[in-house]
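Colleague: Using UniProt numbering, you'd call the opening residue of the sequence shown number 1 and step up by one each time.
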Amino acid sequence: MTAVSLDGRLDVHFTLNGNPVSVATTTNRVLADLLRDDLYLKGTKIACGRTVCGACNVLVDGTPRASCSTFAFEVDGCAVTTIEGLESSEGLDPVQAAFARKSAFQCGFCTSGMIVLAKGLLAENPDPDRATIKDWISSNVCRCTGYQLIIEAIEEAAAAMRTAGGAR
Numbered sequence: 001m002t003a004v005s006l007d008g009r010l011d012v013h014f015t016l017n018g019n020p021v022s023v024a025t026t027t028n029r030v031l032a033d034l035l036r037d038d039l040y041l042k043g044t045k046i047a048c049g050r051t052v053c054g055a056c057n058v059l060v061d062g063t064p065r066a067s068c069s070t071f072a073f074e075v076d077g078c079a080v081t082t083i084e085g086l087e088s089s090e091g092l093d094p095v096q097a098a099f100a101r102k103s104a105f106q107c108g109f110c111t112s113g114m115i116v117l118a119k120g121l122l123a124e125n126p127d128p129d130r131a132t133i134k135d136w137i138s139s140n141v142c143r144c145t146g147y148q149l150i151i152e153a154i155e156e157a158a159a160a161m162r163t164a165g166g167a168r
């Protein structure tokens, strides 16, 4: 990270969905706003703005993080993955595919945050039990569904990823 300029801006360099990015931003700009407004990645949602709902989750160096309360300059030198970075030329990520197969969403507003959180969980624990899944997703709020199909989708994705040898 470079020094703050006289106009209050600084350059932030990070990897976004596998691609190097350099942006000039202010010290009070949160990552969610940078992603949505400056980099046009609208999959990251903003609901509470206070690290309560999980709709804004992204992966920072593989760990789920609330982008609504992460300053953009904090990801300098990091690898950031958004929901848009999960799909590849091979198709949907296994977690995305499981959510679609199980219809584990209704309005979809919380879905990107849930999927990103699930990716973080499965990277840390490829074979989570149901209690662990419930504990992890308790940080995400979904007002449309019960969480049953979300839990089943994460279990299905975990099994698929183990069968594929942890692929993707």
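We treat Cβ as the ideally placed atom computed from N, Cα and C, and that holds for glycine.
For the stretch 45 to 63 against the stretch 5 to 12, are there 3 or more C-beta pairs whose distance is under 8 Å?
Modeller: Result no; under three Cβ-Cβ pairs closer than 8 Å.
Colleague: Quick one: what's residue 170 bridged to in DSSP?
Modeller: Not covered by the structure: residue 170. The range shown for the chain is 1 to 168.
Colleague: Count the other C-beta atoms from every protein chain shown that fall within 10 angstroms of the C-beta of R143, then say buried if there are 16 or more, exposed otherwise.
Modeller: Exposed: under 16 other Cβ atoms inside 10 Å.
Colleague: Check for me: the alpha helix (DSSP H) holding R162 runs from which residue to which?
Modeller: Element bounds for R162: Q148 to T163.
Colleague: With DSSP as the reference, label S138 as helix, strand or coil.
Modeller: It is coil, neither helix nor strand.
Colleague: I want to know whether the stretch 99 to 111 touches the stretch 66 to 74 - three or more CB-CB distances under 8 Å.
Modeller: Judged by Cβ distances under 8 Å, the stretch 99 to 111 makes no contact with the stretch 66 to 74, as fewer than three pairs qualify.
Colleague: With respect to the alpha helix (DSSP H) encompassing A98, which residues constitute its N-terminal and C-terminal limits?
Modeller: A98 -> alpha helix (DSSP H) spans P94 to K102.
Colleague: Between which residues of its own chain and E84 is the CB-CB distance below 8 Å, once the five residues before and five after are set aside?
Modeller: Contacts found: N17, L41 and G43.
Colleague: Bridge partners for T27 per DSSP, in chain order?
Modeller: Paired residues: none, contrary to the question.
Colleague: How would you write the range of the beta strand (DSSP E) that T70 sits in, first residue to last?
Modeller: T70 -> no beta strand (DSSP E), and no H or E assigned at all.
Colleague: Of all the options L117, K102 and T81, which has the alpha carbon lying nearest to the alpha carbon of T145?
Modeller: Checking every option, the nearest Cα to that of T145 belongs to K102.
Colleague: Skipping 5 residues on each side, what residues in its chain have a beta carbon closer than 7 Å to that of M134?
Modeller: Sequence inspection shows Lys at residue 134; the Met mentioned does not correspond to that position. I151.
Colleague: If you pair each beta-carbon of the stretch 22 to 30 with each one of the stretch 85 to 92, do three or more pairs fall below 8 Å?
Modeller: These segments do not touch.
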